[in-house]
Amino acid sequence: MSDSFTGYTPANLLQLVSPDGARVASDTADPWLEDVSAADLVGLYQDMVVVRRIDTEATALQRQGELGLWPPLLGQEAAQVGSARALRPDDFVFTSYRENAVAWCRGVSLTDIVRVWRGNAQSGWDPYSVGMAAPAIIIGAQTLHATGWALGAKFDGTDSVAVAYFGDGATSEGDVSEALVFAASFQAPVVFFCQNNQWAISEPVGLQSRANLVDRALGFGIPGIRVDGNDVLAVLAATRIALDRARTGGGPTFIEAVTYRMGPHTTADDPTRYRPAAELEEWKAKDPILRVERLLDWGGLLTAELVAQTTGLADAAAAELRAGCIGLADPEPLTVFDHVFATPNATLDRQRTEYAHYLASFETTGGNA
Amino acid sequence: MSDSFTGYTPANLLQLVSPDGARVASDTADPWLEDVSAADLVGLYQDMVVVRRIDTEATALQRQGELGLWPPLLGQEAAQVGSARALRPDDFVFTSYRENAVAWCRGVSLTDIVRVWRGNAQSGWDPYSVGMAAPAIIIGAQTLHATGWALGAKFDGTDSVAVAYFGDGATSEGDVSEALVFAASFQAPVVFFCQNNQWAISEPVGLQSRANLVDRALGFGIPGIRVDGNDVLAVLAATRIALDRARTGGGPTFIEAVTYRMGPHTTADDPTRYRPAAELEEWKAKDPILRVERLLDWGGLLTAELVAQTTGLADAAAAELRAGCIGLADPEPLTVFDHVFATPNATLDRQRTEYAHYLASFETTGGNA
Amino acid sequence: MTMTAMTRPTASAPLGQTTGAGGDAREPVAAPRTPEPLETTTTLTMAKAINAGLRQAMLDDPKVVLLGEDIGLLGGVFRVTQDLLAEFGARRVIDTPLAESAIIGTAVGLAYRGYRPVCEIQFDGFIFPGFDQIVSQVAKLHYRSQGRVSMPITIRVPFGGGIGAAEHHSESPEAYFTHTSGLRVVAVSNPQDAYGLIRQAIASDDPVLYFEPKRRYHVKGEVSPELGQPMERAAIVAAGTDVTLLCYGALVTTARDAALAASDEGVSVEVIDLRSLSPVDYETIEASVRKTGRLVITHEAARSGGLGGEIAAVITERCFDYLEAAPVRVTGFDIPYPAAKLESHHLPDLDRILDGVDRALGRRR
Amino acid sequence: MTMTAMTRPTASAPLGQTTGAGGDAREPVAAPRTPEPLETTTTLTMAKAINAGLRQAMLDDPKVVLLGEDIGLLGGVFRVTQDLLAEFGARRVIDTPLAESAIIGTAVGLAYRGYRPVCEIQFDGFIFPGFDQIVSQVAKLHYRSQGRVSMPITIRVPFGGGIGAAEHHSESPEAYFTHTSGLRVVAVSNPQDAYGLIRQAIASDDPVLYFEPKRRYHVKGEVSPELGQPMERAAIVAAGTDVTLLCYGALVTTARDAALAASDEGVSVEVIDLRSLSPVDYETIEASVRKTGRLVITHEAARSGGLGGEIAAVITERCFDYLEAAPVRVTGFDIPYPAAKLESHHLPDLDRILDGVDRALGRRR
Ligand SMILES: Cc1ncc(C[n+]2csc(CCOP(=O)(O)OP(=O)(O)O)c2C)c(N)n1
Ligand SMILES: Cc1ncc(C[n+]2csc(CCOP(=O)(O)OP(=O)(O)O)c2C)c(N)n1
Ligand SMILES: [Mg+2]
Ligand SMILES: [Mg+2]
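Residue numbers (my numbering), protein chains in the order written: chain A, 1 to 369; chain B, 1001 to 1369; chain C, 2001 to 2365; chain D, 3001 to 3365.
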């Protein structure tokens, strides 16, 4: 069951940059990167630095009480940036809650990214203007949505592709398996992008599966690529391979991006309760940003100027995020009734009227009774 | 991903008797049949003939209005008899609706088998006295129950095994995939016995999966065996291999028994609407009973005496089934309230009392108003 | 003699796997019949009326696609989608793999992409594997996305008992959905409404659960090619002055029969077919109850937590001073759906409804 | 310069996969604390009280096993199962893969084998993927098997809002279960009941949905090592004569506060904590309503189809002549649970409950 298209067995990992920054040759993957210029690589690097800075800032905002919760992506920058930067605007992305770097790459505004976590709304952005659905918190549910969207894109005769992002834990949910069944059966142009960050809250991936996650897809008749998720170039190449297959009628691909959640599950979590400290140390050596820096350095691109410019970009993003977050106005009470339905609904309209009446009674009488 | 334990690749089929009745040697499987005597083979043959006769009789009873519905197993006799005869009494079987031959082998009375289809009860037998659960009509649900039971058997320190029977269509349900996840993770002593009879009502197996179904399990880290489901010896051997693995701490096995539903989905179905006639003809040549007969004949065992004796057994079973079916007394009205709860329930008890009162009013007044 | 001794060498013949991948039309085994035209008023069974409504919706809007198990060549186990595959092809009449969560979840994705999916759930009891996608996605996505994403999904569910079926094949799960904010729920009772409401449901920008009373599939009626009354309005199917009797789905026929029987005894029963179970058309019910002062509600679903209690509560809130007796419920019991031979003791029938009318009139306790 | 030009040969280092198979205990990262003993009356938070009840049930019966996501080393996201892994080991405190249908379905199999599984659903909104197994298997198997198979399964569900959480983390799905025949449903409101009822739920031979009001997890109270009142009885938590106020879960505290506030205005409110949502203890409610003639019911769940309507209907049926006004409902609206900054406008609070009391008294409309 080797993936004949890419020419390596799924148990092996596609890696194009080793942890020490060395570029690893790959006959099958390298052709997919031929157009990637030094400027492009710098762009990927800057994306990664910026999203890490956003992550830090959002975590700080949570600590300061400005956000209710934040799910950090620390450690997963390469997996998210490398895949999202492979996409076209007309592709459509269906994610879970942790894909803030994907949102960044899709052009979601920073304020829209934090809107949910400040508690102002259940979702932040217009899915159609950025090609990214409202995030799904019910684990795995979005993989079916991506499959359905892909089916529609195929019916429409386009070569747009749907990408479903989900975690290692999600692979245990029935919905994800059903999505693989449907995608295979209909040869839907969808990419299943699994960030195997080794943990689902406190549960290690070994509890979810004894086989590599990429093997899961093969059993459903879907080709897989197991990629070093901390290697932004390998992720970019793998995603391009999968997208191309989808665009050219080759159907779905499953990508297992092997990465690591370096932070807590969310700001509400304390990983020291369940995670051996040594494991984190081991993975710090494989830090995705460190790796791009080493690669850039090896190519003579990591100049002091670049570093300063990048820090500037990151600081600007952090400032924008903070200002946008704090500047968010509280929603108006009666908006609680908005958008339940697209068409009028007598029962709900009556509840709204009653509640408006009730609220108004405070204004006139200054309180109850 | 070959199954190193049995020594053949899952894409290949384990076959020990060819359609023309020839015994095919297998280094890996033959040792599992060393104790199978001629008498045992005759026993398997007689089981198969009897269950086919039961099937015919039940279909006739349905046509005559004595049963509401009947799901024939025609064509699947070897898959069910071969697997069920490999079990021990302390094993526990979780099935769907079509496993009437399994029920027969577990010792379920013929009357209990038809009780459900006559509409007298939602299930027929005491699961604990025969080691077979109430059938699950919700497709795939029972695979999780088998996994849970197996986990309990493991906790209890026994070497009893749970067997889940399900169809090719069922493999698409999320529950079946989740069962594979749990069984693999906990190394539960469970055998997933999939009867791939090529059809799920009107849908061919190719709609459910582009890969062989046995590959599904491999992707979850569960070893698989693809067996000729119309070859009773191969099914027996495969099931013994899987059971032994489970008993000795080796965890779950997935068996794909490749067979064919020669009849309609149920007596309510008309397969001519969706199934090419030629396909049925092709499979008739692989008829599981024909095959055992040829094997017996080749060994000189298919005497006229044996045939007559077997027909006698089958006729007796059919007569017993018919008598048992027709003899079933209608349930008492108020039993509709029985066994909703194991403990008293005030709301329900009140409804029962009211309804008893209501029914009694007819007896006294001779009708309403 | 052991079996291994019987070995005779021969080539192992691998069995073929039936092909037939999703999305690729299989050849019809029998020639499809010409689809029912519906240009003038025609007599149709309810199943055929829904079929005609589906067909019209598909002709009207190329974004309407059907998804479900066995809906293609077989035309559904109740033949409601019969011949539509032949007319519209496998990209619009999609036989799906056997997985309800995926049927609904895929429809969500199709809706994201601008489609109007119509999902068929084969039987009432099989909707539960898809429950999460309905409750957490279909019902909530318009709200969650602040109105940016629409979910014009119709979910067709044959429901109810009375056909002597096996377990999970006779259930009435509507109250789970009427308690779910963001869903519309309708139940049809006759061919004309079945036709009009399936078209209205598909045209609705909100998700609609569309319940089909399976024991009435073969009842015939006149069907005109009109949309009829708006989906959310109840219909007074028999006028009366003494008692208001609410019903929906299969029990509408039973309720009308009960009203006839009652009239023989001089009791005038106003029968209202709810049609829309969410939202309920309280305006129509209130007007009736203000007139009659007495309310009976009947449904097959279990009493506790059923729609009857909700309506009783609302009408008590809104018409307390008009009610001369407490609203009466004539419903299924709080039991799992029983075996076929016992179902007549669970399902409300004419006598039980008349008994309810009597109780509402204070004639019995 | 293209990236391929930057190639420098080196060995590809495959990344390791973290191990940790199910059923094999991982080493605790921090030393477990000594479990709370409960031999005499002690002050505990509700979370700790449930923990103590679970522990006692596990000590009493070796067939009690816990299953859920993150319940082992982490002790659950609310720490309700804290330290139980260390005390009872990985065969009795089972961290499961991330799949709710499998958690429930595996419990069904364990029950078949004679176990008493206690499942933890991490948050209310995550129960729906397991809905089918609950409704079609857990609830029905005793009936389907004609009483031969018991399903002594307890399903723990942290429920309700008020904690400023993200979507799907604040829901009140209890009415889906109170409409499901074959299930018992309880909701606890204080540490003592939490302790007694978890033990009773686990000891019950029927399946029990056990709802834990997550915003009260950290509220402390005295807990004695007793089982307390039977699970199916309601509790009068404040005696009164003018209005009966029904509540459960987190709103019991709010209702008591409202009763206090009302008493300042001379209105005497009898507050009843339902405890059991199915079956409802109508005897206690009826006695109260016969006395007060007025009924207010409050819950966080959406109004339509919520438990309040059912109780209003039953009480209207049984106490029609005693009621001086229609029962009043003070509930969440018929909306998906809103964003955190809006939840105070959805959840009943002291003022809205007082408003409801006023309406029941005919003081406002
Ligand atoms: C259906 C469902 N069950 C449980 C949860 C609670 N939960 C939130 S995140 C999470 C772990 C997810 O792990 P993984 O899929 O690996 O994604 P990661 O958090 O690592 O990005 C769990 C159990 C949920 N959101 N939805
Ligand atoms: C959850 C659920 N969905 C749909 C059905 C309706 N249904 C009954 S049998 C069947 C086909 C099952 O096919 P398969 O698993 O291959 O078993 P077989 O009938 O071939 O033995 C379907 C769709 C059901 N019983 N349960
Ligand atoms: Mg993870
Ligand atoms: Mg089949």
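Even for Gly, the Cβ is constructed at its ideal location relative to N, Cα and C.
- Under the three-state reduction of DSSP output, R3290 of chain D falls in the helix class.
- Counting every other CB atom within 10 Å of its CB across the protein chains shown gives K3063 of chain D a total of 16 or more, marking it as buried.
- At a cut-off of 7 Å, the beta-carbon of P2336 of chain C does not count as near ligand 1: no heavy atom of the ligand is closer than that.
- For F1155 of chain B, the shortest separation between its Cβ and any heavy atom of ligand 1 does not lie below 7 Å.
- Within 9 Å of the CB of A3194 of chain D, no CB atom of chain C is found; the nearest one sits about 24 Å away.
- For N1100 of chain B, the enclosing alpha helix (DSSP H) has its first and last residue at N1100 to R1106.
- Membership of F2159 of chain C in the beta strand (DSSP E) is indicated by the continuous run T2154 to F2159.
- With respect to D3273 of chain D, A3312 of chain D sits apart: the two C-beta atoms are not nearer than 8 Å.
- In this structure, A234 of chain A keeps its C-beta atom at 8 Å or more from the C-beta atom of V161 of chain A.
- Collapsing the DSSP output to three states places P1271 of chain B in a helix.
- Between the region 1062-1081 of chain B and the region 1098-1111 of chain B there are three or more inter-stretch CB-CB distances shorter than 8 Å, so the stretches are counted as touching.
- Distance from the C-beta of G1075 of chain B to the nearest heavy atom of ligand 4 is not below 7 Å.
- Shown here for G1251 of chain B: same chain residues with a beta carbon closer than 6 Å to its own, the five before and five after excluded, namely Q1187 in chain order.
- Taking 8 Å as the upper bound for CB-CB distance, N100 of chain A and I54 of chain A are in contact here, some 7 Å apart.
- For R3329 of chain D, the enclosing beta strand (DSSP E) stretches over residues V3328 to G3332.
- Under the three-state reduction of DSSP, R3184 of chain D is assigned to strand.
- In the assembly as shown, A217 of chain A is a buried residue. Its beta-carbon has 16 or more other beta-carbons within 10 Å.
- Taking CB atoms only, Y45 of chain A has no neighbour in chain D less than 8 Å away.
- Contact of T3316 of chain D with chain C by beta-carbon distance below 8 Å involves A2312, A2313, T2316, A2326 and P2327.
- Taking 7 Å as the cut-off, one finds no heavy atom of ligand 4 near enough to the beta carbon of A1141 of chain B.
- Residues of chain B whose Cβ lies closer than 9 Å to the Cβ of G2221 of chain C do not exist; the shortest such Cβ separation is about 25 Å.
- For E2300 of chain C, the uninterrupted beta strand (DSSP E) run begins and ends at L2295 to A2302, by DSSP.
- With a cut-off of 7 Å, the C-beta of G1169 of chain B is classified as near ligand 4, since at least one heavy atom of the ligand falls inside that distance.
- Scanning D:G3240, D:L3209 and D:G3164 for the CA closest to the CA of V3157 of chain D turns up D:L3209.
- Note that the C-beta distance between A2301 of chain C and T2331 of chain C is below 8 Å.
- For the region 1329-1351 of chain B, the set of residues with a beta-carbon nearer than 8 Å to any beta-carbon of chain D comprises D1338, H1339, V1340, F1341, A1342, T1343, N1345, A1346, T1347 and L1348, in chain order.
- When beta bridges are read from the DSSP output, Q1195 of chain B appears opposite B:G1167 and B:A1257.
- Taken in chain order, the complete beta strand (DSSP E) segments of 3 residues or longer contained in the region 2095-2174 of chain C are 2116-2120 and 2154-2159.
- For A141 of chain A, there is no enclosing beta strand (DSSP E); the residue is part of the alpha helix (DSSP H) that begins and ends at A141 to F155.
- Sixteen is the threshold: when 16 or more other Cβ atoms of the shown chains lie within 10 Å of the Cβ of T266 of chain A, as they do, the residue is buried.
- 8 Å or more divides the Cβ of P3336 of chain D from the Cβ of V1181 of chain B.
- For I137 of chain A, no alpha helix (DSSP H) run applies, since DSSP gives it neither H nor E.
- In terms of Cα proximity to L1301 of chain B, the closest of B:Q1015, B:L1016, B:A1038 and B:G1021 is B:A1038.
- Straight through space, the alpha carbons of F220 of chain A and S26 of chain A are spaced by roughly 27 Å.
- In chain order, I3297, H3299, R3329 and T3331 place their CB closer than 6 Å to the CB of G3308 of chain D, counting only its own chain and leaving out the 5 sequence neighbours on each side.
- Counting only the Cα atoms, E1305 of chain B lies some 49 Å from G2125 of chain C.
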